[in-house]
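Written out below as structure tokens is the structure these notes cover.
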Amino acid sequence: MNNIGNIVSKMLIQTLCILSLFGNICYAQNNQQQPENYVLLAAEQTSSQGQSGQTATASESNYPPISPEIRAVLESTGVTEVQDWSALGSTTTGFTVSQSVFHPQAINPYDLRLINLRSDMLAPGFIVAFFGMIVVFTLFSVINGAAKVQGGMSGKSLKRWSTYDVFIHWLCALPCILLIFSGMTLLAGRYYIEPNVGNSTWDSMIYYAKASHDVLVYPFVIGWLLICVSWLKDQWPKLYDISWFKAGGGYINFGPMKGKHPDSGFVNAGEKIWFWCLALAGVLLVASGIVLMFPAQLDVSRTLSVLALIVHASSALVIAAFAVVHIFMATVLAPGTLSAMTTGYVDENWAKQHHNLWFDEINANNTIEYKK
């Protein structure tokens, strides 16, 4: 029980979480610094149409109220409230000292409900999914207990994974864990962290979260690709996988499934689900991440950039939730499992109980490699 508490507490303590949405309204002035010569930066045509076909006011449009700072600039140029968003959404040209690819765009020419989707659904959804899975599996671990090896460990260790397999696992896993935390900070930190810390603290947090996210993605992608290619051959569904799910994988210590140990090959049905989740959601994660990291090189539109961010957060949510399950299974619910990915070896009795078909196969072929 203490081990469970220690593991959970470490996971909770390390978690900072969640996003800062970026997007600001730009304006610039000419070299004379005259207020009347402020030039509003251009966006695509975004004036909203009312039911009668007339140009809608700011309050009637999909856009939020204009901030006092921007209103002061507008008033200095004689722009009325009715003209506010129409003027900002016009094709008027301007300039800015910023070199960022989208900063000359004053208003994003897409439905702001996309932004609301990120703030109202994805950010809280990521938090609920990640921490919810931690809570659920913590309670399950307390109620159910660990699926101990019947008869205890034999003391004889046999090889399950090669050194190469162990390496690519951690090449993907360690960056993945750190990316989850830095990603949560970027996704939802603006809503759940920034209001509770000072500006300097938040500035440092968001800076290092972004910097680490951009660096850690490279080993993660390499490890992810190697895992997808190297482990694919063992991930195809088998008929006995259905029985594995019906028996709860052999991890249930109460009710009608107690003591049942379903057939399983080298990879059980749960591990196959995790593999395909990582592989398929990973495709979306990596593809959308490339769009977000290289918008200028790929000539990405603002709308595509926002859509990529939504896809990126959604696929990361799925991977993060399944990662929690995977970690609990390897460290808490199935004693003896973690050694498979630290040393490459597992106990013989563990292999017989959790992967009986695989053990029978290598035993029949006389290919068991015991640890010396």
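Position 25 of the sequence shown, counting from 1, maps to 30 under the working numbering, and the rest follow consecutively. Note that CB positions come from ideal geometry on N, CA and C, so glycine has one too. For clarity, every value in this text was computed on a predicted model and none was experimentally measured.
For this session: Please list, in chain order, all residues of the same chain as Gly150 whose beta carbon is under 6 Å from its beta carbon, the five residues on each side excluded.
Result: What you label residue 150 is simply residue 145 of the sequence shown in a count that begins at 1. Excluding positions up to five away in sequence, the list reads Asn258.
Exercise. Smallest Cα separation from Trp166: which of Leu192, Ile211, Met210 and Ser344?
Worked result: Working through the sequence shown from its first residue, we reach residue 166 at position 161. If we check each option's Cα against that of Trp166, Ser344 comes out closest.
Exercise. Around the C-beta of Phe250, are 16 or more other C-beta atoms found within 10 angstroms, so that it is buried, or is it exposed?
Worked result: Residue 250 sits at position 245 when you count from the first residue of the sequence shown. Exposed, by the Cβ-count rule.
For this session: Please say whether Glu374 and Leu163 have beta carbons closer to each other than 8 Å?
Result: The sequence position of residue 163 within the sequence shown is 158, counting from 1. The sequence position of residue 374 within the sequence shown is 369, counting from 1. Contact annotation: Leu163 and Glu374 have beta-carbon atoms nearer than 8 Å.
For this session: Ignore the nearest five residues each way along the sequence and tell me which others in Leu127's own chain have a CB closer than 6 Å to its CB.
Result: Along the sequence shown, read from residue 1 onward, the residue named residue 127 stands at position 122. Answer for Leu127: Ala318, listed in chain order.
For this session: Evaluate the contact criterion for the segment 267 to 276 versus the segment 310 to 325: three or more CB pairs, one atom per stretch, below 8 Å.
Result: Judged by Cβ distances under 8 Å, the segment 267 to 276 makes no contact with the segment 310 to 325, as fewer than three pairs qualify.
Exercise. Alpha carbon to alpha carbon, how far is Pro224 from Val291?
Worked result: Within the sequence shown, numbered from 1, the residue matching residue 224 stands at position 219. Within the sequence shown, numbered from 1, the residue matching residue 291 stands at position 286. Each residue's Cα considered, the two are about 12 Å apart.
Exercise. Are Ala193 and Phe131 closer than 8 Å when you measure CB to CB?
Worked result: For this step, residue 193 is matched to residue 188 along the sequence shown. For this step, residue 131 is matched to residue 126 along the sequence shown. Yes, these two residues count as a Cβ contact at 8 Å.
Exercise. Enumerated in chain order, which unbroken segments of the beta strand (DSSP E) with a length of 3 residues or greater are wholly contained in the segment 305 to 357?
Worked result: List check, beta strand (DSSP E) in window: 350 to 352.
Problem set entry | Cut-off 6 Å between Cβ atoms - residues of its own chain near Glu199, not counting five sequence neighbours on either side | Taking the sequence shown and counting its residues from 1, one reaches residue 199 at position 194. Sequence-distant partners of Glu199 (beyond 5 residues in either direction) whose C-beta falls short of 6 Å from its own C-beta, in its chain, are Trp207.
For this session: On the DSSP bridge assignment, give the partners of Ala215 in chain order.
Result: For this step, residue 215 is matched to residue 210 along the sequence shown. Before going further, note that residue 215 is Lys rather than Ala in the sequence given. Beta-bridge pairing links Lys215 to no other residue.
Problem set entry | N- and C-terminal bounds of the beta strand (DSSP E) containing Lys164 | Against the sequence shown, residue 164 aligns to sequence position 159. Taken as a continuous stretch (DSSP letters only), the beta strand (DSSP E) holding Lys164 covers Ser162 to Lys164.
Exercise. Does DSSP classify Tyr256 as helix, strand or coil?
Worked result: In the sequence shown, residue 256 corresponds to position 251, counting from 1. In this structure, Tyr256 counts as coil in the three-state DSSP scheme.
Exercise. Is it buried or exposed for Asn273, if we count other Cβ within 10 angstroms and need 16 for buried?
Worked result: Within the sequence shown, residue 273 is the residue found at index 268, counting from 1. Burial call: buried.
Exercise. Buried or exposed: which applies to Leu378, given that a residue is buried once 16 or more other Cβ atoms fall within 10 Å of its Cβ?
Worked result: Since the first residue of the chain shown is 6 and the last is 377, residue 378 is not available in this structure.
Exercise. When burial is assigned at 16 or more other CB atoms within 10 Å of the CB, is Leu338 buried or exposed?
Worked result: By one-based count along the sequence shown, residue 338 stands at place 333. Looking at its Cβ environment, which holds 16 or more other Cβ atoms inside 10 Å, Leu338 is buried.
Exercise. Roughly how many angstroms lie between the CA atoms of Lys376 and Lys263, to the nearest whole one?
Worked result: Counting from one through the sequence shown, the residue named residue 376 turns up at place 371. Counting from one through the sequence shown, the residue named residue 263 turns up at place 258. About 32 Å.
Exercise. Using a Cβ-Cβ cut-off of 7 Å (strictly less than) and excluding sequence neighbours within five positions of Ala286, which residues of its own chain qualify?
Worked result: As a working note, residue 286 is residue 281 in the sequence shown. Contacts found: Ser320, Val323 and Ile324.
Exercise. Which value, in whole angstroms, describes the spacing of the CA atoms of Met346 and Cys181?
Worked result: As a first step, residue 346 must be located in the sequence shown, where it is residue number 341. As a first step, residue 181 must be located in the sequence shown, where it is residue number 176. Using only the alpha carbons, I get a separation of about 16 Å.
Exercise. Among Pro242, Trp363 and Asp352, which has the Cα closest to the Cα of Gly156?
Worked result: As a first step, residue 156 must be located in the sequence shown, where it is residue number 151. Distance from the Cα of Gly156 is smallest, within the candidate group Pro242, Trp363 and Asp352, for Asp352.
For this session: Starting from Tyr169, follow its DSSP beta bridges and name the residues at the other end.
Result: As a working mapping, residue 169 is identified with position 164 in the sequence shown. As far as DSSP is concerned, Tyr169 takes part in no beta bridge.
For this session: Tell me whether His359 is buried or exposed, calling it buried when 16 or more other Cβ atoms sit within 10 Å of its Cβ.
Result: As a position in the sequence shown, residue 359 is number 354, starting the count at 1. His359 is classed as buried because its beta carbon has at least 16 other beta carbons within 10 Å across all chains shown.
Exercise. Once you ignore the five residues that flank Asn361 on each side, which residues in its own chain have a CB closer than 8 Å to its CB?
Worked result: The residue you call residue 361 lines up with position 356 of the sequence shown. Taken in chain order, the residues that qualify are His266, Asp268 and Ser269.
Exercise. Do Val329 and Ile120 have their C-beta atoms within less than 8 Å of each other?
Worked result: Within the sequence shown, the letter at position 324 stands for residue 329. Within the sequence shown, the letter at position 115 stands for residue 120. Result no, Cβ atoms of Val329 and Ile120 do not sit closer than 8 Å.
For this session: Starting from the Cα of Tyr256, find the closest Cα among Trp281, Val316, Ala152 and Ile367 and give me that residue.
Result: Along the sequence shown, one-based indexing puts residue 256 at 251. Among Trp281, Val316, Ala152 and Ile367, the Cα nearest to that of Tyr256 is on Ala152.
Exercise. Within 10 angstroms of its Cβ, does Met210 collect 16 or more other Cβ (buried), or is it exposed?
Worked result: Here residue 210 refers to the residue found at position 205 when the sequence shown is read from its first residue. A buried status is given to Met210, since no fewer than 16 other beta-carbon atoms sit within 10 Å of its beta-carbon.
For this session: For Gln37, name the three-state secondary structure that DSSP assigns.
Result: Position 32 of the sequence shown, counted from the start, is the residue given in the question as residue 37. Note that Gln37 scores 37 on pLDDT, short of 50, meaning its location in the model is unreliable and no value can be drawn from it.
Exercise. If you drop the 5 nearest sequence neighbours on each side, which residues of the same chain put their C-beta closer than 7 Å to that of Glu276?
Worked result: Within the sequence shown, the letter at position 271 stands for residue 276. The answer is none, since no qualifying residue turns up.
Problem set entry | Pairwise C-alpha distance: Val141 and Phe327 | Here residue 327 refers to the residue found at position 322 of the sequence shown. Here residue 141 refers to the residue found at position 136 of the sequence shown. For Phe327 and Val141, the distance between alpha carbons rounds to 12 Å.
For this session: Below 8 Å CB to CB, which residues in the same chain sit around Ser2 once its five sequence neighbours on both sides are set aside?
Result: The chain is shown from 6 up to 377; residue 2 falls before or after that span and cannot be answered.
For this session: Could you tell me the distance, in whole angstroms, from the CA atom of Ser300 to the CA atom of Leu312?
Result: To locate residue 300, count along the sequence shown from 1; it is residue 295. To locate residue 312, count along the sequence shown from 1; it is residue 307. The residue you asked about is not Ser; residue 300 is Pro in the sequence shown. Going by the C-alpha atoms only, they are around 13 Å apart.
Problem set entry | Straight-line Cα distance separating Thr190 from Asn204 | Residue mapping note: residue 204 aligns to position 199 of the sequence shown, counting from 1. Residue mapping note: residue 190 aligns to position 185 of the sequence shown, counting from 1. So the alpha carbons of these two residues sit roughly 15 Å apart.
Problem set entry | Closest residue to Ala216 among Asp246, Ile232, Leu231 and Met298 (Cα-Cα distance) | For the purposes of this step, residue 216 is taken as the residue at position 211 of the sequence shown. Nearest C-alpha to Ala216 among Asp246, Ile232, Leu231 and Met298: Met298.
Exercise. Would Leu289 pass as a contact of Val316 if the rule is Cβ separation under 8 Å?
Worked result: In the sequence shown, the residue the question calls residue 289 occupies position 284. In the sequence shown, the residue the question calls residue 316 occupies position 311. Result yes, Cβ atoms of Leu289 and Val316 sit closer than 8 Å.
Exercise. Taking the alpha helix (DSSP H) that Leu290 falls in, what are its first and last residues?
Worked result: The residue given as residue 290 occupies position 285 in the sequence shown. It spans Ala274 to Met298 - the alpha helix (DSSP H) in which Leu290 sits, taken as one unbroken run.
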